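There are 2 protein chains.
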Amino acid sequence: MTALPRIRDVGEFGLIAALNSVLPHSARVNGRVTLGIGDDAAIWAPTSGTTSVITTDTLIEGRHFRLDWTDWRSLGHKMLAVNLSDIASMGAMPVLATITLGLTGDEHVADLEELYRGAVALAEPHDVAIAGGDVVRTTGPIVLSVTVVGEGEPLLRRDGAQPGDRLVVSGTLGASAAGLRLLETPDIGQGATTADLLVGAHLRPNPRIALGKVLARYGATAAMDLSDGLLGDLPKLLAASGVGARLDSRLVPVIPAVRALFPIHWLELALRGGEDYELLATVRPDALEETQREAAHVGATLTEIGEIVASPVGQSMLMITDAEGVTKAVPEGAFDHFG
Amino acid sequence: MTALPRIRDVGEFGLIAALNSVLPHSARVNGRVTLGIGDDAAIWAPTSGTTSVITTDTLIEGRHFRLDWTDWRSLGHKMLAVNLSDIASMGAMPVLATITLGLTGDEHVADLEELYRGAVALAEPHDVAIAGGDVVRTTGPIVLSVTVVGEGEPLLRRDGAQPGDRLVVSGTLGASAAGLRLLETPDIGQGATTADLLVGAHLRPNPRIALGKVLARYGATAAMDLSDGLLGDLPKLLAASGVGARLDSRLVPVIPAVRALFPIHWLELALRGGEDYELLATVRPDALEETQREAAHVGATLTEIGEIVASPVGQSMLMITDAEGVTKAVPEGAFDHFG
Numbered sequence: 158m159t160a161l162p163r164i165r166d167v168g169e170f171g172l173i174a175a176l177n178s179v180l181p182h183s184a185r186v187n188g189r190v191t192l193g194i195g196d197d198a199a200i201w202a203p204t205s206g207t208t209s210v211i212t213t214d215t216l217i218e219g220r221h222f223r224l225d226w227t228d229w230r231s232l233g234h235k236m237l238a239v240n241l242s243d244i245a246s247m248g249a250m251p252v253l254a255t256i257t258l259g260l261t262g263d264e265h266v267a268d269l270e271e272l273y274r275g276a277v278a279l280a281e282p283h284d285v286a287i288a289g290g291d292v293v294r295t296t297g298p299i300v301l302s303v304t305v306v307g308e309g310e311p312l313l314r315r316d317g318a319q320p321g322d323r324l325v326v327s328g329t330l331g332a333s334a335a336g337l338r339l340l341e342t343p344d345i346g347q348g349a350t351t352a353d354l355l356v357g358a359h360l361r362p363n364p365r366i367a368l369g370k371v372l373a374r375y376g377a378t379a380a381m382d383l384s385d386g387l388l389g390d391l392p393k394l395l396a397a398s399g400v401g402a403r404l405d406s407r408l409v410p411v412i413p414a415v416r417a418l419f420p421i422h423w424l425e426l427a428l429r430g431g432e433d434y435e436l437l438a439t440v441r442p443d444a445l446e447e448t449q450r451e452a453a454h455v456g457a458t459l460t461e462i463g464e465i466v467a468s469p470v471g472q473s474m475l476m477i478t479d480a481e482g483v484t485k486a487v488p489e490g491a492f493d494h495f496g
Numbered sequence: 158m159t160a161l162p163r164i165r166d167v168g169e170f171g172l173i174a175a176l177n178s179v180l181p182h183s184a185r186v187n188g189r190v191t192l193g194i195g196d197d198a199a200i201w202a203p204t205s206g207t208t209s210v211i212t213t214d215t216l217i218e219g220r221h222f223r224l225d226w227t228d229w230r231s232l233g234h235k236m237l238a239v240n241l242s243d244i245a246s247m248g249a250m251p252v253l254a255t256i257t258l259g260l261t262g263d264e265h266v267a268d269l270e271e272l273y274r275g276a277v278a279l280a281e282p283h284d285v286a287i288a289g290g291d292v293v294r295t296t297g298p299i300v301l302s303v304t305v306v307g308e309g310e311p312l313l314r315r316d317g318a319q320p321g322d323r324l325v326v327s328g329t330l331g332a333s334a335a336g337l338r339l340l341e342t343p344d345i346g347q348g349a350t351t352a353d354l355l356v357g358a359h360l361r362p363n364p365r366i367a368l369g370k371v372l373a374r375y376g377a378t379a380a381m382d383l384s385d386g387l388l389g390d391l392p393k394l395l396a397a398s399g400v401g402a403r404l405d406s407r408l409v410p411v412i413p414a415v416r417a418l419f420p421i422h423w424l425e426l427a428l429r430g431g432e433d434y435e436l437l438a439t440v441r442p443d444a445l446e447e448t449q450r451e452a453a454h455v456g457a458t459l460t461e462i463g464e465i466v467a468s469p470v471g472q473s474m475l476m477i478t479d480a481e482g483v484t485k486a487v488p489e490g491a492f493d494h495f496g
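Going down the list, the sequences are from chains R and B.
Count along the first sequence from 1, add 157, and you get the number used in the numbering used here.
Count along the second sequence from 1, add 157, and you get the number used in the numbering used here.
Next comes the structure, spelled out in structure tokens:
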């Protein structure tokens, strides 16, 4: 029996050759990217009449992922998906991605190929070229850093929300956080046919690219993607726009599987769980119906969960109505990654 | 006495606020970047009639830098400079940079501010906006990952060298590697007034942006920047172009300080040392003189060190003439970071 080759066995250039072999030509260049991996930089032609956007997100082993919880292909999907979600929240279409791998050399070459297959499987349907990157050696933990460039016109920002706008959220919230709990405490989901669904929501989030484009075209005044939980992220949008909001927690969409497996904590998971990668947006009241209809055409639901109000003086910018119909101020402060 | 605050004391948002405070408005947005740090992505307007380029480079503590050898401000310069050098080698002008920091939380806030000051001091004269990034927590080593977008027309690639072209290199080679040796073995440089010059070449390389633009406009057929040493990088250009080269080592420009402090190894440092971040280019013979003249106008020298020949069959693609005038084949294979 031959042991599976590790990166230290094949070296940097062997790894790059292996990764290139799982990148079909169509995933390296596209109509806009004319020079991909292999030069000092990648070259692309921006589409005339549009503006460009760039975002970057990094996953650290042990902090953002655990190799005993995720397969490598799902990890490749996720490292790209979290960046595509940022592009979607701007109402832009992704053009290219660069991928930086910080590796110890102990990893199996076949695992890194799986990582790339996961990224390619998400990139290809969105016509995103994997245009370059960097491979560096580290003593660990593993570092996966992805940058994505997109473009579009018009684009969405966080700072355009106006009093009177309706607050909407795509899909449902809490499934990713519920999936993470199941990974942490497998006993909870034992025997539940929905456990895989929830774990899948955590490991392979679905970036809302088509929906972001719909929001940019129809009536949305501001948008962002939900990575730190609704109550962690919404205050950022409110602060950027200089407004307040009233949020009715009874309207927050949560799938039955989350309620069933977490009968006590399901609302907490939906409000604070994080990593949903759904879009949060504000929409002019007169545009709400049309925007929801257009969202349905790209397979997305947009649920109204509250409204934007004028910037409050001397009180919390966010008021939330709880399950009993009681409205309270939400304490300020998002999740702090060093807290 | 109060201890200097560490990142874990001020948290993620405290760090971001501190870094923003050392980024002047002019370093966050510019004529093209209209939305910088603070949204899901940065927005910029590509210049009509140009194409865009993107490159990314990552520095890992202990592997690419040591905190007992570099000050934080130099490190901030270098993490941006190595990326700007890639942009320069494409003949492009840089537009924006994103910076990702992987930190343990133990670092002093003041040190990270110094890192940003070093980046800003290099970014501002080149009108490069620091447009975004990511801060993530790691157990260490520290990770510094920078991505730079540039644009221009025409652009330079590695694959355009033709037989008969002259091989030229900017500046001088070996000073950075000599500086690294002095850091490793301080005894060598003791008392030498030139030690600081060499160490500075290693810690604060100078990206050749204006020269790259000159090369793209006048006669260069291919270019790349030198990070892995002349004998490590030149074969990559030759392979991309499908040509061979004859290199005369007696013509390679080396400053007297390198020869004086390393009387035995100076040529080895110049040929294989790495991290010079000078530009290597191929130039049509009839364009050589004008290109050298225009290079001088932007303060750069271009030294002819060899010529491109037709792709050899059954022999090394690179022949080198040594100090004794003897010509030999160079063994294939660049420096392998996992080797």
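Even glycine gets a Cβ: it sits at the ideal position worked out from N, Cα and C.
Predicted model only: the values in this text are computed from it and were never measured.
| query | result |
| --- | --- |
| Contact set between Trp201 (chain B) and chain R, taken where Cβ atoms lie within less than 9 Å | Thr208, Ser209, Val210, Ile211 |
| Below-8 Å beta-carbon distance, Thr215 (chain R) vs any chain B residue | yes |
| Top-ranked residue by Cα proximity to Arg407 (chain R), from R:Thr212, R:Leu418, R:Leu428, R:Leu436 | R:Leu428 |
| Straight-line gap, Leu394 (chain B) to Asp316 (chain B) (C-alpha atoms, nearest Å) | 7 Å |
| Listed by chain order, chain R residues near Leu192 (chain B) by CB distance under 8 Å | Arg314 |
| Residue ranges of each beta strand (DSSP E) within the segment 379-451 of chain B, 3 or longer | 401-405, 436-440 |
| Ala349 (chain B) beta carbon less than 8 Å from that of Ala438 (chain B) | no |
| DSSP state of Ala249 (chain R) mapped onto helix, strand, coil | coil |
| Alpha-carbon to alpha-carbon, Asp385 (chain R) and Leu360 (chain R) | 15 Å |
| Residues that Ile244 (chain B) contacts on chain R, provided the C-beta gap is smaller than 9 Å | Asp197, Ala198 |
| Under 9 Å (Cβ pairs) to chain B, residues found in the segment 297-308 of chain R | Gly297, Pro298, Val300, Ser302, Thr304, Val305, Val306, Gly307, Glu308 |
| For Leu253 (chain B) and Val190 (chain B), believed in contact at Cβ under 8 Å, the rounded distance | 5 Å |
| As assigned by DSSP and simplified to three states, the class of Ala175 (chain B) | helix |
| Option in B:Leu324, B:His283, B:Ala480, B:Val466 with minimal Cα separation from Val306 (chain B) | B:His283 |
| Cβ of Arg294 (chain B) within 8 Å of any chain R Cβ | yes |
| Three or more C-beta pairs below 8 Å linking the segment 438-453 of chain R and the segment 410-423 of chain R | no |
| Leu337 (chain B) versus Val411 (chain B) - alpha carbon distance | 16 Å |
| Chain R residues whose Cβ lies nearer than 9 Å to that of Arg220 (chain B) | Val293, Arg294, Thr295, Thr296 |
| Contacts around Ile217 (chain R), its chain only, beta-carbon distance under 7 Å, and the 5 residues preceding and following it disregarded | Pro298, Val300 |
| Sequence-distant residues of its chain with Cβ nearer than 7 Å to Leu339 (chain R) (five each side left out) | Ile345, Gly346, Ala352, Leu355, Val356 |
| Near-chain R residues of the segment 373-391 of chain B - C-beta to any C-beta below 7 Å | Met381, Asp382 |
| Extent of the continuous alpha helix (DSSP H) to which Glu341 (chain R) belongs | 332-341 |
| Local Cβ density within 10 Å of Leu324 (chain R), reported as buried at 16 or more and exposed below that | buried |
| Anticipated Cβ contact below 8 Å, Gly275 (chain B) with Gly233 (chain B), distance rounded | 3 Å |
| Cut-off 7 Å between Cβ atoms - residues of its own chain near Ile173 (chain R), not counting five sequence neighbours on either side | Val292 |
| Burial state of Ser231 (chain R), where buried means 16 or more other Cβ atoms lie within 10 Å | buried |
| Through-space distance from Gly193 (chain B) to Pro251 (chain B), alpha-carbon basis | 15 Å |
| Any chain R beta carbon closer than 8 Å to Met247 (chain B) | yes |
| DSSP bridge partner residues for Glu308 (chain B) (one or two, in chain order) | B:Ser209, B:Met250 |
| DSSP three-state assignment for Ile217 (chain R), whether helix, strand or coil | strand |
| Chain R within 8 Å of Thr255 (chain B), Cβ atoms only | yes |
| Segment contact, 8 Å Cβ cut-off, at least three pairs: the segment 258-265 of chain R with the segment 180-189 of chain R | no |
| Contact residues within the segment 336-347 of chain B, judged by C-beta distance below 8 Å to chain R | none |
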